[in-house]
Amino acid sequence: MRAFRFNTLYLLCLLPFAAGANVVDVGAYKDATVVYNTDDCDGTPCAFINHGSDTTLTASVQSASVQRILLAFALPSGINLATAKCQLQMQRPVQAPSGKYTLVVSEALGDWDEEEVNGSDKIDTGNQVGSVSAVKNERPGVVDVTGACRNSKDGQVGLWVDSSGPEVSFPSRDTGAAAQLRIF
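Going by the numbering used here, the sequence shown opens with residue 2, and the numbers climb by one from there.
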């Protein structure tokens, strides 16, 4: 009986580690803020300026300058997308509205170059795959983006992130704090 208790307790202690063995976190391998407006930025329409190497990613639809966050993740090989679940985790904002806002995540369809993408590019928006409410500068909760993972092409997942409120900015991968895709 004593050996049974020891072995059972030992196995129960290891269970959380075994359960997490199939969790994979993948950082965005490219990200950018895409600006859509006709304002003039030093002689160039702001929509034609690339923000792929900026240190922040900004989303806002309630100003004269609509800004969207564009993310791309490379899926690890060996993932069974028919059964896997995927969640997007943004980092804590570096700038956020003073109240509540909602992040809405949709599929980004098509490939893009981080060093060239701008508001004149035609990167289509696919299905809305999830959303999460956020408050001030607290780190938003996870967004279920399983639909985007299951619809992915060529082992890559592209996502648009929009904000329902005033401008919110997150650190970009260029700061070492990339948005994360959790696959389990």
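Just so it is clear, CB atoms sit at the ideal spot from N, CA and C, and this is done for glycine as well.
Burial state of residue i, where buried means 16 or more other Cβ atoms lie within 10 Å
i, result
"F18", "The pLDDT assigned to F18 is 38, lower than 50, so where the model puts this residue is not dependable; a value taken from the coordinates is nonetheless given after this. By the 10 Å Cβ count, F18 comes out exposed."
"K123", "exposed"
"Y102", "buried"
"I184", "buried"
"E115", "buried"
"S61", "buried"
"G44", "exposed"
Option in the options with minimal Cα separation from residue i
i, options, result
"S107", "R174, D32 and L160", "L160"
"P94", "N51, F171, H52 and K31", "F171"
"V118", "L71, D163 and G142", "L71"
"V130", "L110, V25 and R140", "L110"
"Q63", "V143, V25 and S164", "S164"
"S121", "D41, D40, D26 and A48", "A48"
"P46", "A83, G100 and Y37", "Y37"
"I80", "S61, V105 and S153", "S153"
"N138", "D26, G100, A60 and H52", "G100"
"D125", "L104, S134, V162 and C42", "V162"
Bridge-paired residues (DSSP) for residue i
i, result
"W161", "L71 and S107"
"R183", "D26 and Q88"
"A33", "L71"
"C42", "T45"
"V133", "L104"
"V143", "According to DSSP, which records beta bridges pairwise, V143 is partnered with nothing at all."
"S61", "Q68"
"D125", "L110"
"V169", "A60"
Sequence-distant residues of the same chain with beta carbon closer than 6 Å to residue i, five excluded per side
i, result
"L76", "G156"
"V158", "F74, A149 and C150"
"D26", "Q181 and R183"
"V133", "L104, P141, G142 and V144"
"D112", "none"
C-beta contact flag for residue i and residue j at 8 Å
i, j, result
"C87", "V136", "no"
"A33", "M91", "no"
"P167", "P98", "yes"
"L89", "L182", "yes"
"Q96", "V169", "yes"
"S78", "D40", "no"
"V24", "R69", "no"
Residues near residue i in its chain [Cβ-Cβ closer than 8 Å; skip 5 each side]
i, result
"R174", "G28, A29, Y30, K31, D32 and A180"
"T56", "P172, S173, D175 and T176"
"A83", "R151"
"A53", "Note that residue 53 is Gly in the sequence shown, not Ala. Excluding residues within five positions, the ones whose Cβ falls inside 8 Å are K31, D32, A33, D114, E115, E116, E117 and V118."
"C42", "I50"
7 Å Cβ shell around residue i - same chain, five flanking residues per side excluded
i, result
"N128", "S107, E108 and G148"
"A178", "Q92 and P172"
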